[in-house]
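Number of protein chains: 2
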Amino acid sequence: MSDTLTPKQRQVLEAIRRFQQEKGYPPTVRELAELFGQLSTAGMHKILMTLQEKGVLSRREGTKSRSYHIIGEEPGEGPAGRARPCPIIGEVVAGMPELALEEREGDLYLDSDWVGKEDIFLLRVRGHSMIDADIRDGDLLAVQITQSCRNGEIIIALLDDEATVKRFYKEKDRVRLQPENQTMQPIYIPIDDPGFRIIGKVKGLLRRYH
Amino acid sequence: MSDTLTPKQRQVLEAIRRFQQEKGYPPTVRELAELFGQLSTAGMHKILMTLQEKGVLSRREGTKSRSYHIIGEEPGEGPAGRARPCPIIGEVVAGMPELALEEREGDLYLDSDWVGKEDIFLLRVRGHSMIDADIRDGDLLAVQITQSCRNGEIIIALLDDEATVKRFYKEKDRVRLQPENQTMQPIYIPIDDPGFRIIGKVKGLLRRYH
DNA sequence: GACAAAAGCAAACATATGTGCTATATTTAG
DNA sequence: CTAAATATAGCACATATGTTTGCTTTTGTC
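Chains as they are written, first to last, in numbering that gives the first Met the number 0: chain E, 0 to 209; chain F, 0 to 209.
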């Protein structure tokens with residue numbers, strides 16, 4: 000089908016794609032016409048009709064504004080629908096869960112298919128205390144903010160205003176925090192310890208090689 | 000600033016965010032009004048004005064259609080601009096670099112700020128041969144397709160139609176492939192070995208916890 | 001050159017969308 | 001309770017955008 004397109008029609012199609020990509024919303028007929036330096040909208044409109052007849056362009060219902068889109072690249076089914084910004088936190092600071100934005104290093108867009116749709120932030124790992132879990136210094140941990148976690152999950156917790164990464168095990172009347180580094184001993188905490196607070200659980204890990 | 004928002008105003012803001020997220024373009028005033036079951040656009044319009052005064056909402060120039068957007072979440076600066084789809088390959092198969100799409104498990108959107116803008120695919124790690132590099136069975140490796148790589152980089156290579164993950168070192172007249180697992184010996188390959196081919200180098204790692 | 005398809009311009013028109021009024025209910029703060 | 005702020009409806013109007021008509025120019029083909 001697309002092999003029957005004229006050069007001009009390809010250019011228009013490509014312009015629509017780029018506009019949606021860069022701006023984040025579809026163009027109007029006039030905006031397209033201006034992009035090609037045309038003084039009238041009629042010509043562009045005719046091209047758009049042809050592209051629809053040829054089955055490569057579509058639009059939402061009726062004659063709504065900014066409704067043209069390339070078939071197979073519907074806005075919302077693309078990156079915008081799955082990617083979500085996640086703040087990178089250099090350090091977990093007491094005073095959460097306001098997520099101390101002072102420590103914010105920036106955002107990273109993550110695929111919600113991979114990391115889920117719940118509240119997430121990225122925590123940069125410092126030190127080698129998790130080396131037995133194959134977590135390295137400098138890695139980013141995707142942390143889902145939650146207070147409920149199950150046995151064996153890796154959690155981020157505040158212990159007397161100090162943040163730690165540990166495996167979580169709930170025992171009779173206490174909580175056992177198991178370090179992954181075998182040279183370190185587990186920590187036991189009474190369930191009602193006021194200095195203990197769970198920030199969230201680790202859902203993913205990101206590492207970058209240079 | 001945002002602490003002075005009324006519940007209704009928060010809801011509207013959240014609706015704008017979700018609309019842009021799901022549809023891929025900003026809503027009209029009437030579409031917003033309908034979302035809240037209102038018969039008039041006047042109320043919604045007033046709320047939008049208030050949100051602008053409070054500095055959380057903005058719009059493109061003039062009075063264009065579908066131009067409202069949340070400040071800090073401008074469409075185009077968001078997911079669509081940085082996220083890029085990367086195919087997940089279950090196994091590196093001989094016959095690359097056509098990237099045997101049969102083995103394709105799907106796509107994952109990755110942030111180009113993190114993974115770069117070059118050709119990338121994701122390779123699922125099988126086995127524990129890279130455990131000393133803290134790479135686990137099931138991890139995803141972000142592989143940049145290239146033939147040029149420097150000493151010490153982790154590469155994906157084809158050796159007699161078999162894919163391996165190794166550290167790359169170029170020596171005088173041969174290439175040394177160093178496994179990360181200390182129980183395994185390095186492999187030496189003449190530079191002109193026809194059965195040897197570099198697929199690409201590892202730029203990142205993704206792990207998911209359950 | 002004749003011809004048809006594609007592309008362009010100008011001007012109008014129809015619909016979609018943004019904005020501005022008035023009036024009335026509902027909520028909130030004091 | 002009262003007053004202010006907020007939210008709603010209904011209507012009118014201005015601008016933005018989509019669509020159509022008629023004509024001219026360009027382009028490629030026979």
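Every residue, glycine too, gets a C-beta built ideally from N, C-alpha and C.
Are the beta-carbon atoms belonging to residue 124/E and residue 107/E less than 8 Å from one another? Position 125 of the first sequence holds residue 124/E. Position 108 of the first sequence holds residue 107/E. Result no, Cβ atoms of residue 124/E and residue 107/E do not sit closer than 8 Å.
In the structure shown, what three-state DSSP assignment does residue 159/E receive? In the first sequence, residue 159/E corresponds to position 160, counting from 1. Residue 159/E: coil per DSSP, three-state reduction.
Contact check, residue 10/E vs residue 68/E, beta carbons under 8 Å: In the first sequence, counting from the first residue as 1, residue 10/E sits at position 11. In the first sequence, counting from the first residue as 1, residue 68/E sits at position 69. Not a contact, by the Cβ cut-off of 8 Å.
Buried or exposed, going by whether 16 or more other CB atoms sit within 10 Å of the CB of residue 43/F? Here residue 43/F refers to the residue found at position 44 when the second sequence is read from its first residue. Buried, since its Cβ has 16 or more Cβ neighbours within 10 Å.
State whether the region 14-33 of chain F contacts the region 56-67 of chain F, with contact taken as three or more CB pairs (one from each stretch) at a distance under 8 Å. yes
Does DSSP put residue 110/E in a helix, in a strand, or in coil? The sequence position of residue 110/E within the first sequence is 111, counting from 1. DSSP places residue 110/E in strand when its eight states are reduced to three.
Limits of the alpha helix (DSSP H) - the one that residue 202/F falls within: Position 203 of the second sequence, counting from 1, holds the residue named residue 202/F. Unbroken run through residue 202/F is the beta strand (DSSP E), 195-207; no alpha helix (DSSP H).
Counting only beta-carbon atoms, is residue 39/E nearer than 8 Å to chain F? Taking the first residue of the first sequence as position 1, residue 39/E is located at position 40. For residue 39/E, the answer is no, since every Cβ of chain F falls outside 8 Å of its Cβ.
DSSP state of residue 185/E, grouped into three classes? Taking the first sequence and counting its residues from 1, the one referred to as residue 185/E is at position 186. Here residue 185/E sits in coil by DSSP.
Are the beta-carbon atoms of residue 205/E and residue 203/F separated by less than 8 Å? In the first sequence, the residue the question calls residue 205/E occupies position 206. In the second sequence, the residue the question calls residue 203/F occupies position 204. Their beta carbons are under 8 Å apart, which means residue 205/E touches residue 203/F by this criterion.
Mind checking which residues open and close the beta strand (DSSP E) that includes residue 174/E? Taking the first residue of the first sequence as 1, we reach residue 174/E at position 175. Per DSSP, residue 174/E belongs to the beta strand (DSSP E) from 173-177.
Name, going along the chain, the residues of the region 161-180 of chain E whose beta-carbon falls closer than 9 Å to a beta-carbon of chain F. none
Any beta carbon from chain F within less than 8 Å of residue 126/E's own beta carbon? Working through the first sequence from its first residue, we reach residue 126/E at position 127. Cβ-Cβ to chain F under 8 Å: no for residue 126/E.
Comparing alpha-carbon positions, which option in 58/F, 209/F, 55/F, 199/F lies nearest residue 208/E? Position 209 of the first sequence, counted from the first residue, corresponds to residue 208/E. Residue 208/E has its Cα closest to that of 199/F, out of 58/F, 209/F, 55/F, 199/F.
My guess is that residue 181/E and residue 112/E are in contact by the Cβ rule of under 8 Å, so how many angstroms apart are they, rounded? As a working mapping, residue 181/E is identified with position 182 in the first sequence. As a working mapping, residue 112/E is identified with position 113 in the first sequence. About 34 Å separates the two Cβ atoms, so there is no contact after all.
Determine the closest residue to residue 136/E out of 145/E, 14/E, 126/E, with distance taken between C-alpha atoms. Translated into positions along the first sequence, residue 136/E becomes position 137. Ranking the options by Cα distance to residue 136/E, first place goes to 126/E.
Considering only their Cβ atoms, is the gap separating residue 185/E from residue 173/E smaller than 8 Å? Here residue 173/E corresponds to residue number 174 of the first sequence, with the count starting at 1. Here residue 185/E corresponds to residue number 186 of the first sequence, with the count starting at 1. Contact flag unset, no.
With distances taken Cα to Cα, identify the nearest neighbour of residue 170/F among 157/F, 26/F, 149/F, 116/F. For the purposes of this step, residue 170/F is identified with residue 171 of the second sequence, where counting begins at 1. Nearest C-alpha to residue 170/F: 149/F.
Partners in chain F for residue 64/E, counting only beta-carbon separations shorter than 8 Å: Counting from 1 along the first sequence, the entry for residue 64/E is found at position 65. Chain F residues near residue 64/E: 27, 64, 65.
Compare the C-alpha of residue 16/E against each of 59/F, 46/F, 57/F, 23/F and name the closest. Translated into positions along the first sequence, residue 16/E becomes position 17. The shortest C-alpha separation from residue 16/E is found at 23/F.
List the endpoints of the continuous beta strand (DSSP E) containing residue 121/E. For the purposes of this step, residue 121/E is taken as residue 122 along the first sequence, with counting starting at 1. Looking at the DSSP string, the run of the beta strand (DSSP E) that includes residue 121/E is 119-123.
Work out the CA separation of residue 40/F and residue 36/E for me, nearest whole Å. Counted from its first residue, the first sequence places residue 36/E at position 37. Counted from its first residue, the second sequence places residue 40/F at position 41. When rounded, the distance between both Cα atoms is 35 Å.
So for residue 11/E, helix, strand or coil by DSSP? What you label residue 11/E is simply residue 12 of the first sequence in a count that begins at 1. In the structure shown, residue 11/E sits in a helix (DSSP, three-state: H, G or I).
Which residue wins for smallest C-alpha separation from residue 144/F, given the options 193/F, 201/F, 167/F, 110/F? Stepping through the second sequence from its first residue, residue 144/F is reached at position 145. Residue 144/F has its Cα closest to that of 201/F, out of 193/F, 201/F, 167/F, 110/F.
Chain E partners of residue 153/F, CB-CB under 8 Å? The count along the second sequence starts at 1 and reaches residue 153/F at position 154. Correct list: 208.
Cut-off 6 Å between Cβ atoms - residues of its own chain near residue 104/F, not counting five sequence neighbours on either side: Residue numbering aside, residue 104/F sits at position 105 when the second sequence is read from its first letter. Excluding positions up to five away in sequence, the list reads 87, 89.
Between 161/E, 191/E, 73/E, 8/E, which has its C-alpha nearest residue 52/E's C-alpha? Counting from one through the first sequence, the residue named residue 52/E turns up at place 53. Out of 161/E, 191/E, 73/E, 8/E, 8/E has the C-alpha closest to the C-alpha of residue 52/E.
For residue 127/E, which three-state DSSP category applies? For this step, residue 127/E is matched to residue 128 along the first sequence. The answer is coil: DSSP assigns residue 127/E none of H, G, I, E or B.
Chain F beta carbons: is any one of them nearer than 8 Å to that of residue 201/E? Taking the first residue of the first sequence as 1, we reach residue 201/E at position 202. By this cut-off, residue 201/E is an interface position.
Candidates 58/E, 115/E, 154/E, 159/E: closest to residue 166/E by CA position: Reading the first sequence from its first residue, position 167 is the one you call residue 166/E. It is 154/E whose Cα lies nearest to the Cα of residue 166/E.
Rounded Cβ spacing between residue 110/F and residue 81/F (contact assumed at less than 8 Å): As a first step, residue 110/F must be located in the second sequence, where it is residue number 111. As a first step, residue 81/F must be located in the second sequence, where it is residue number 82. So it is a contact: roughly 5 Å between Cβ atoms.
For a contact defined as C-beta to C-beta under 8 Å, what are the partners of residue 14/F on chain E? Indexing the second sequence from 1 puts residue 14/F at position 15. Ordered by position in chain E, no residue passes the 8 Å Cβ test against residue 14/F, which lies about 15 Å from the chain.
Would you mind sorting residue 97/F into buried or exposed? The rule is 16 or more other CB atoms within 10 Å of its CB. On the second sequence, position 98 is the one that residue 97/F refers to. Reliability fails at residue 97/F, whose pLDDT of 44 lies under 50, so the model's placement of it is uncertain and the value that follows must be treated cautiously. Classification of residue 97/F: exposed, given that the 10 Å Cβ count is below 16.
Any idea if residue 159/E is buried or exposed, counting beta-carbon neighbours within 10 angstroms, 16 or more meaning buried? Counting from 1 along the first sequence, the entry for residue 159/E is found at position 160. The residue is exposed, with fewer than 16 neighbouring Cβ atoms inside 10 Å.
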